[in-house]
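Colleague:
Numbering (full-length UniProt numbering), first residue to last: 1 to 108.
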């Protein structure tokens, strides 16, 4: 599963709130990892680089995933991801169907 999202980080590992910005990123679900890219071209796999050129990787193992978290954002079609390291991310998809598909696949 892969596609574009708007993403923000709301809490970092130091448990401090982070200023919200919502850049568009390209996300690929690979096994139990979400791999974040600047754009789709960066996700192209090359010899010696199975993930392409990722900006970051977040493990879904031990993570908590929630759909449309009203306590974190008023935006629609969102998913919150609290990873075991403590970071909390919010992803916004284009529509409800896409949002539900990602939510279902991210809950492992």
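The beta-carbon is built from N, C-alpha and C at its ideal position, and this holds for glycine as well.
#1: For the region 28-57, which segments carrying the beta strand (DSSP E) assignment without a break, of at least 3 residues, lie completely within its bounds, in sequence order?
#2: Below 8 Å between beta carbons: does that hold for residue 92 and residue 78?
#3: Which word fits residue 32, buried or exposed, when buried means at least 16 other C-beta atoms lie within 10 angstroms of its C-beta?
#4: Could you work out which residue in 54, 63, 99 is closest to residue 76 when comparing CA atoms only?
#5: Return helix, strand or coil for residue 75, following the three-state DSSP convention.
Modeller: Straight from the coordinates:
#1: 33-37
#2: Start at 1 with the first residue of the chain shown, and residue 92 comes out as number 92. Start at 1 with the first residue of the chain shown, and residue 78 comes out as number 78. Contact: yes.
#3: Within the chain shown, the letter at position 32 stands for residue 32. Its Cβ having fewer than 16 others within 10 Å, residue 32 is exposed.
#4: In the chain shown, residue 76 corresponds to position 76, counting from 1. If we check each option's Cα against that of residue 76, 99 comes out closest.
#5: The residue you call residue 75 lines up with position 75 of the chain shown. DSSP places residue 75 in coil when its eight states are reduced to three.
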